[in-house]
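Take a look at the structure set out below.
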Amino acid sequence: MSNWQEWIVGVLIIFCIIRVLYGIFLFFRRTKEKANPCSTCVTGCELKDMMEKKQKECGNKKKSTKKNCCG
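96 is the number that our numbering gives the last residue of the sequence shown; the numbers go up by one with no jumps.
Right, here's the structure in full:
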C-alpha cells in the first residue's frame with residue numbers, strides 16, 4: 026500500500042469489520058442477558074413478535090396469580 030488512497034480504503038475496511046463484529050457481540054450479549062435481541066429491528070421479525078407475545082403472556086399469568094393469592 027504505497028498510495029494514500031489505498032491506506033484510506035484499508036482503514037475503512039477495518040472499521041467496517043470492527044462494526045460488524047461489535048454488532049455480533051452485542052447480539053450475543055443481549056441474548057445472554059435474556060433481553061430481546063430483536064428489540065432494535067426496524068422491520069417485522071418473527072423472533073421479535075414471538076418474544077413480545079411470550080412476555081405479554083407471562084405478564085398476564087403473573088398478574089392473575091397475584092390476584093388469586095390475595096383475594
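Where is the CB? At the ideal position from N, CA and C, for every residue including glycine.
The three-state secondary structure of Cys70, taken from DSSP, is coil. Counting along the chain, Glu58 sits inside no alpha helix (DSSP H), nor does DSSP assign it H or E at all. Each residue's CA atom was taken as its position, placing Ile43 and Trp32 some 17 Å apart. Val36 and Ser27 have their C-alpha atoms roughly 14 Å apart.
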